[in-house]
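In this note's numbering, the protein residues as written are 1 to 458.
This is the structure:
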């Protein structure tokens, strides 16, 4: 029989910006990000660019009559839940968009795009002054350091000056300003984005990623914030969600084109989609180990098998056996099933290892003693190790850093990319071997090979 439709009603967002023929920024990045964040994206194209990952070759601004026609078509048909602006190119276009903004009944996020990541200028000088009126209509304005200098005359150089710039933008009439910290130098390895409102400020911290593939980062961030506002999130909640997406999008960029590439607009969506197959791979690996009975390599504290999604950034994004795998009189068995966030220790090790070899997605812990050491030598694997007695006191006092320090030491001292990493332990803590693999099947094979080598030597 003929099936009946089952329509859904996502919030609708609008981007008023410029087309990026290279697909990494502009309208294209906005629409991808909005869809990934659960909103339906519509667009008003103000200009087109001929650009790619290496730079901008030309810009063509559309007639204002055509821009008006696009906006009229959208505004008279859709119930807009959020609007964002991107590259507007000229003062005339900025003024026209400001007129639209005055009649909006939806949150407005203004991303004052002025310079491309490649260094190409994207805004005529006469348009800079026109931005003041548009900012006055904004729910949120999201400038980077260079744009702050143009808009306020002050380039933020630290957290304090970034806060001051944000306060100036709020004084211009914006409800809030998010001063992006990617270009602001810091004494540590953190990026600090400052959200300023009339009620105060909030600082968001993320580890810095040394990458040139940041094309589209501003567009993606502002679009994500817009989508979350359209879904009803609070301002600080929408900003936090947008920054979280951006951190992951920069950590796992798209390696396309001959230039640096672009941020991964759909990275959160891809991470969620990878969870079920990752958990299934962990379960299959565990089943193989139970059938083989790898009791000889299971440590006293128990074994765990952990799998990370290709975009995992936290233990909650890794699948593991809840309660670990333990030895019994009849072999080994998992205490409970596989779930995300079930491992802390092995999960943090795997995430630390992925900082050096992102191809590694699976790990397991095994016991370590002289016989295991001999078996590893027989297998001729690249083996790294670290000695906790050499761990600096400054690392020990910071929660969670021991694993990062030890894993770094193991990778730096190993001849080749290590398959196994040895932690010889310390007083009161069991020595441990951890194995790494690109997939669950390979991990099962390596664990079996270690068990075989151990039993052959006995």
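From the three backbone atoms N, C-alpha and C, an ideal C-beta is built for every residue, glycine too.
**Message:** Please report the straight-line C-alpha distance between residue 163 and residue 201, rounded to a whole angstrom.
**Reply:** Looking at the two C-alpha atoms, the distance is approximately 7 angstroms.
**Asked** What is the C-beta distance between residue 320 and residue 346, in whole angstroms, given that I count them as a contact (C-beta under 8 angstroms)?
**Response** The pair is a contact, with the Cβ atoms about 7 angstroms apart (cut-off 8 angstroms).
**Prompt:** How about residue 67 and residue 96: are their beta carbons less than 8 angstroms apart?
**Reply:** A contact, by the Cβ cut-off of 8 angstroms.
**Request:** Tell me where the alpha helix (DSSP H) around residue 267 begins and ends.
**Result:** According to the DSSP assignment, residue 267 belongs to the alpha helix (DSSP H) that extends over 267-273.
**Prompt:** Under the three-state reduction of DSSP, which class applies to residue 246: helix, strand or coil?
**Reply:** Of the three classes helix, strand and coil, the one that applies to residue 246 here is helix, per DSSP.
**Request:** Please report the Cβ distance between residue 211 and residue 250, rounded to the nearest whole angstrom; I am assuming they are in contact, meaning their Cβ atoms lie under 8 angstroms.
**Result:** The pair is a contact, with the Cβ atoms about 6 angstroms apart (cut-off 8 angstroms).
**Request:** Count the other C-beta atoms from every protein chain shown that fall within 10 angstroms of the C-beta of residue 330, then say buried if there are 16 or more, exposed otherwise.
**Result:** Exposed, because fewer than 16 other Cβ atoms sit within 10 Å of the Cβ of residue 330.
**Item:** Beta-carbon spacing of residue 325, residue 286 below 8 angstroms
**Value:** Cβ atoms of residue 325 and residue 286: closer than 8 angstroms.
**Message:** Output needed for residue 399: all residues of its chain with C-beta closer than 7 angstroms, excluding positions within five of it in sequence on either side, in chain order.
**Reply:** Because residue 399 sits at a pLDDT of 47, beneath the cut-off of 50, its placement in the model cannot be relied upon, and the following sentence gives the value as read from the coordinates. Apart from sequence neighbours up to five positions away, no residue of its chain approaches residue 399 with a beta-carbon distance below 7 angstroms.
**Item:** C-alpha gap between residue 353 and residue 185, whole angstroms
**Value:** Taking the straight line from one Cα to the other gives about 27 angstroms.
**Request:** Taking only the alpha-carbon atoms, compute the straight-line gap between residue 15 and residue 213 and give it to the nearest angstrom.
**Result:** Per the coordinates, the alpha-carbon of residue 15 lies some 23 angstroms from the alpha-carbon of residue 213.
**Prompt:** From residue 240 to residue 101, what distance separates their C-alpha atoms?
**Reply:** Near 24 angstroms, if we compare the C-alpha coordinates of residue 101 and residue 240.
**Request:** Look up residue 304 in the DSSP assignment and say whether it is helix, strand or coil.
**Result:** In this structure, residue 304 counts as coil in the three-state DSSP scheme.
**Span separating the alpha-carbon of residue 271 from that of residue 252** = Distance between the alpha carbons of residue 271 and residue 252: 11 angstroms.
**Item:** Of the residues 404, 368, 380, 441, the one placed nearest residue 429, counting alpha carbons only
**Value:** Of 404, 368, 380, 441, the residue nearest in Cα terms is 368.
**Exposure label - residue 307; buried when at least 16 CB within 10 Å** = The residue is buried, with at least 16 neighbouring Cβ atoms inside 10 Å.
**Prompt:** What residues are listed by DSSP as bridge partners for residue 190?
**Reply:** Paired residue(s): 207.
**Request:** Give me the Cα-Cα distance between residue 41 and residue 31, rounded to the nearest whole angstrom.
**Result:** Whole-angstrom Cα-Cα distance: 5 angstroms.
**Item:** Cβ pair count under 8 angstroms reaching 3, the segment 42-58 against the segment 227-239
**Value:** Contact annotation: the segment 42-58 does not touch the segment 227-239, with fewer than three C-beta pairs closer than 8 angstroms.
**Request:** Specify whether the segment 152-167 and the segment 128-139 touch according to this definition: at least 3 beta carbon pairs, one from each stretch, less than 8 angstroms apart.
**Result:** Contact fails: fewer than three Cβ-Cβ distances are below 8 angstroms.
**Per DSSP, cross-strand counterpart(s) of residue 20** = The partner list for residue 20 (beta bridge, DSSP) reads 49.
**Item:** residue 376 to residue 386 span [Cα, whole Å]
**Value:** Spanning the two alpha carbons is a distance of roughly 16 angstroms.
**Message:** For a test of the three-state rule: what should DSSP assign to residue 8, helix, strand or coil?
**Reply:** Here DSSP, grouped into helix, strand and coil, assigns residue 8 to coil.
**Request:** Could you check what DSSP says for residue 26 in three-state terms: helix, strand or coil?
**Result:** Three-state DSSP puts residue 26 in a helix.
**Item:** 8 angstroms contact criterion, which residue 364 and residue 284 should meet: CB distance rounded
**Value:** Beta-carbon to beta-carbon, residue 364 and residue 284 are separated by about 13 angstroms, too far to satisfy the 8 angstroms threshold.
**Prompt:** Does the segment 67-86 come close enough to the segment 104-114 to have 3 or more Cβ pairs within less than 8 angstroms?
**Reply:** The segment 67-86 is in contact with the segment 104-114.
**Request:** Give the DSSP bridge partners of residue 197, in chain order.
**Result:** DSSP lists 176, 200 as partners of residue 197.
**Item:** Straight-line Cα distance separating residue 407 from residue 349
**Value:** Looking at the backbone, the Cα of residue 349 and that of residue 407 are separated by about 7 angstroms.
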